[in-house]
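Student:
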Amino acid sequence: MQVTQALAELATLGATSGGIDRGLFTPAEHAARTRFAAWARALGADVTQDRCGNVFARIAGSEPGLAPIQCGSHLDTVKDGGAYDGAYGVAGGLAALSMILTRGARTRHPLEVVAWAGEEGSRFPVGTLGSAVYAGLIHYAEIAELQSADGEPFADAFAGPSGALAGVPVRETNVPPAAYVELHIEQGPVLERGGARLGIVSAIAGQRRYAITVSGTAGHAGTVPMRDRADALAAAAEVVLELERSARAIGDCVATIGTIAVEPNQANVIPGVARMRADVRSGDDATIERIAAALYDACTRIGERRGVGIAVDETERRAAVAMDAAVIETVRDVCRALDPDAFVLTSGAGHDAMCVARVAPAGMIFVPSAGGRSHVGEEHTAPADLELGVEALANALVALDAAFAKN
Ligand SMILES: [Zn+2]
């Protein structure tokens, strides 16, 4: 089984003029899961599914009763997404299984490839939906009542024509794997810039989001002298630059103010109110604390100096998720054997691995994204890098089988 050919086939499912559109339980996404199940069965794998739409392809190990060494990713996409985000880890997982079987290697643990359902949260409003339920982070009962963007309840969608796969048994219970490794495109420019073809993920970044409201005084743009102004937008501009400056100074983090709304938003009126949203991420929670403290401090100082009120409200908080030390070590060894330039990095984006990491030792392997571009139709990774990532995954699965021999 060729990963590039499999990805080209998947890319035809849900193709739009701008990219690929495969929301969970749509005909295109159902076709992708159907294709996955057929490919898995052709390799001799047992295929099962659960009520979330997760699909599991398993090859038995030599020792009965062991939990699987697992890999996987997702087949759903964002709207107008690319051909590699998620699909690579699923098709690449089957390609790695195929490689292991061709080599005649026999593992003690079963090997399992999972197509996780609804990772992008683009049709039902929960991200990493399938892996979160699998890991017990969300109860299925909550998911069953979710409404899709187009008004269909989750349980109805699963029971409908684009839901469950026909002829595939439904698992009632999920047992955590002995270890998990996810193969994924980087979705950023770090590997490409660093000249590496493989990356070892140490942590998935934690994230905080803030709503920042600057309250000044609106007034006539022609009559209020500069020294008498309390310009909300000018103060907001300082906050934007100050956050950028402190993120650069602290390092190992990213901070973004991506939206700003000005009131009354008139060319001849001094801005009275500016509302912004800030997004801060790092693989290290202590770093996030530092940048958060710097943000609060900057808002206090700028507000006092300019005579405006600046309110900062935290709207979202997600802790960083460290990958398992033993999995990182195993993955690093197999990656460096294939690419001496492979290095360790943090994932700025969330992945199914962050849910599985809550119940099992987990890690990730990245391959470069051309130009660091992702979640767009132009998403691309060189075929040779895709193939190398599959080889790294195959070697990692076999090495994890040995490394986690006692589980
Ligand atoms: Zn993804």
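Start counting the sequence shown at 1; every next residue gets the next number (UniProt numbering).
Idealized CB from N, CA, C, for every residue including glycine.
1. Excluding the 5 residues preceding and the 5 following Gly118 in the sequence, name in chain order all residues of the same chain whose CB lies nearer than 6 Å to its CB.
2. Tell me which residue opens and which closes the alpha helix (DSSP H) that Val168 is part of.
3. Quick one: measure Cβ to Cβ for Pro68 and Pro177, integer angstroms, because I've assumed they're closer than 8 Å.
4. For Ile250, which of helix, strand or coil comes out of DSSP?
5. Please report the distance separating the alpha-carbon of Pro110 from that of Cys71.
6. If you run the structure through DSSP and keep just helix, strand and coil, what is Val239?
7. Residues in the same chain with beta-carbon distance under 7 Å from Asp401, minus the five sequence neighbours each way, listed in chain order, please.
8. By how many angstroms is the C-alpha of Glu244 removed from the C-alpha of Glu219?
9. Beta carbon of Asp352, beta carbon of Ser73: below 9 Å?
10. Between the segment 182 to 192 and the segment 89 to 96, do at least 3 Cβ pairs fall closer than 8 Å?
11. Could you tell me which residues DSSP puts in a beta bridge with Gly81?
12. Give every residue of the same chain whose Cβ lies closer than 7 Å to the Cβ of Ala11, excluding the five residues on either side of it in the sequence, and list them in chain order.
13. Any heavy atom of ligand 1 closer than 8 Å to the Cβ of His351?
14. What residue range does the alpha helix (DSSP H) around Met99 cover?
15. With C-beta atoms as the reference, is Ala155 less than 9 Å away from Phe36?
16. Check Ile138 in the structure and name its three-state DSSP category.
17. Would you kindly report the start and end of the unbroken beta strand (DSSP E) that includes Thr346?
18. Is Glu120 a contact residue of ligand 1, with contact defined as CB to any heavy atom under 8 Å?
19. In the DSSP assignment, what are the bridge partners of Gly372?
20. Taking just the CA atoms, how far does Val78 sit from Ile257?
21. Between the Cα of Val14 and those of Met1, Gln5, Thr4, His30, spot the shortest distance and give me the residue it belongs to.
22. Span of the beta strand (DSSP E) holding Phe366?
23. Report the residue from Thr287, Val356, Arg373, Ala234 whose alpha carbon sits nearest the alpha carbon of Val175.
24. Going by the C-beta, is Gly86 closer than 8 Å to any heavy atom of ligand 1?
25. To the nearest angstrom, how far is the alpha carbon of Leu43 from that of Ile100?
26. At a cut-off of 8 Å, would you count Ser17 as near ligand 1, judging by its Cβ distance to the nearest heavy atom?
27. Quick one: grab the DSSP three-state call for Pro27.
28. Output needed for Arg209: all residues of its chain with C-beta closer than 6 Å, excluding positions within five of it in sequence on either side, in chain order.
29. Closest to Gly18 by CA distance: which of Asp252, Ala322, Val376 is it?
30. Express the C-alpha separation of Arg22 and Val224 in angstroms, rounding to a whole number.
31. Evaluate the contact criterion for the segment 191 to 206 versus the segment 359 to 375: three or more CB pairs, one atom per stretch, below 8 Å.
32. Quick check on this structure: which residue in Asp341, Thr330, Ala362 has the alpha carbon closest to the alpha carbon of Ala396?
Tutor: Well, looking at it:
1. In the sequence shown, the residue the question calls residue 118 occupies position 118. So the list reads Leu24, Asp76, Phe124, Leu129, Gly130, once near-sequence residues are dropped.
2. To locate residue 168, count along the sequence shown from 1; it is residue 168. According to the DSSP assignment, Val168 belongs to no alpha helix (DSSP H), since it is labelled neither H nor E.
3. Numbered from 1 along the sequence shown, position 68 holds the residue referred to as residue 68. Numbered from 1 along the sequence shown, position 177 holds the residue referred to as residue 177. Yes, Pro68 and Pro177 are in contact; Cβ-Cβ is about 5 Å, under 8 Å.
4. Position 250 of the sequence shown holds residue 250. It is helical.
5. For the purposes of this step, residue 110 is taken as residue 110 along the sequence shown, with counting starting at 1. For the purposes of this step, residue 71 is taken as residue 71 along the sequence shown, with counting starting at 1. Approximately 11 Å, taken between the alpha carbons.
6. The residue labelled residue 239 in the question sits at position 239 within the sequence shown. Reduced to three states, the DSSP call for Val239 is helix.
7. The residue you call residue 401 lines up with position 401 of the sequence shown. Close CB contacts of Asp401 within its chain, under the 7 Å cut and outside five residues either way in sequence, are with Ile69, Thr107, Arg108, His109 (chain order).
8. For the purposes of this step, residue 219 is taken as residue 219 along the sequence shown, with counting starting at 1. For the purposes of this step, residue 244 is taken as residue 244 along the sequence shown, with counting starting at 1. For the record, residue 219 in the displayed sequence is Gly; it is not Glu. Between Gly219 and Glu244, the C-alpha separation is close to 29 Å.
9. To locate residue 352, count along the sequence shown from 1; it is residue 352. To locate residue 73, count along the sequence shown from 1; it is residue 73. Cβ distance < 9 Å, so Asp352 and Ser73 count as in contact.
10. Taking 8 Å as the limit for Cβ pairs, the verdict is that the segment 89 to 96 does touch the segment 182 to 192.
11. Residue mapping note: residue 81 aligns to position 81 of the sequence shown, counting from 1. Bridge partners of Gly81: Ile20.
12. Taking the sequence shown and counting its residues from 1, one reaches residue 11 at position 11. Within the same chain, Ala11 has close Cβ partners Ile20, Ala83.
13. Locating residue 351 in the sequence shown gives position 351, where the first residue counts as 1. Within the cutoff, so yes.
14. For the purposes of this step, residue 99 is taken as the residue at position 99 of the sequence shown. Note, Met99: alpha helix (DSSP H), 87 to 103.
15. For the purposes of this step, residue 155 is taken as the residue at position 155 of the sequence shown. For the purposes of this step, residue 36 is taken as the residue at position 36 of the sequence shown. Here Ala155 is not near Phe36, since their CB atoms are 9 Å or more apart.
16. For the purposes of this step, residue 138 is taken as the residue at position 138 of the sequence shown. In this structure, Ile138 counts as coil in the three-state DSSP scheme.
17. Residue 346 sits at position 346 when you count from the first residue of the sequence shown. Residues 343 to 347.
18. For this step, residue 120 is matched to residue 120 along the sequence shown. Under cutoff, so the answer is yes.
19. Along the sequence shown, read from residue 1 onward, the residue named residue 372 stands at position 372. For Gly372, which the question treats as bridged, DSSP gives no partner whatsoever.
20. Position 257 of the sequence shown, counted from the start, is the residue given in the question as residue 257. Position 78 of the sequence shown, counted from the start, is the residue given in the question as residue 78. Cα to Cα, Ile257 sits roughly 22 Å from Val78.
21. In the sequence shown, residue 14 corresponds to position 14, counting from 1. Reading off the sequence, residue 14 comes out as Gly, not Val. Selection Met1, Gln5, Thr4, His30 evaluated against Gly14 yields His30 as nearest (Cα-Cα).
22. Position 366 of the sequence shown, counted from the first residue, corresponds to residue 366. Here the beta strand (DSSP E) through Phe366 covers 362 to 367.
23. Along the sequence shown, one-based indexing puts residue 175 at 175. Out of Thr287, Val356, Arg373, Ala234, Val356 has the C-alpha closest to the C-alpha of Val175.
24. Residue mapping note: residue 86 aligns to position 86 of the sequence shown, counting from 1. Gly86: yes, Cβ under 8 Å from ligand 1.
25. For the purposes of this step, residue 43 is taken as the residue at position 43 of the sequence shown. For the purposes of this step, residue 100 is taken as the residue at position 100 of the sequence shown. The alpha-carbon of Leu43 is positioned some 11 Å away from that of Ile100.
26. As a first step, residue 17 must be located in the sequence shown, where it is residue number 17. At a threshold of 8 Å, Ser17 does not count as near ligand 1, since its beta carbon sits no closer than that to any of the ligand's heavy atoms.
27. For the purposes of this step, residue 27 is taken as the residue at position 27 of the sequence shown. In the structure shown, Pro27 sits in a helix (DSSP, three-state: H, G or I).
28. To locate residue 209, count along the sequence shown from 1; it is residue 209. The residues are Asp279, Thr315, Glu316.
29. Residue 18 sits at position 18 when you count from the first residue of the sequence shown. Minimum Cα-Cα distance from Gly18 among the listed residues Asp252, Ala322, Val376 corresponds to Val376.
30. In the sequence shown, residue 224 corresponds to position 224, counting from 1. In the sequence shown, residue 22 corresponds to position 22, counting from 1. The straight-line gap from Cα to Cα measures roughly 54 Å.
31. The answer is yes - the segment 359 to 375 touches the segment 191 to 206, with three or more Cβ pairs under 8 Å.
32. Stepping through the sequence shown from its first residue, residue 396 is reached at position 396. When only C-alpha atoms are compared, the closest one is Thr330.
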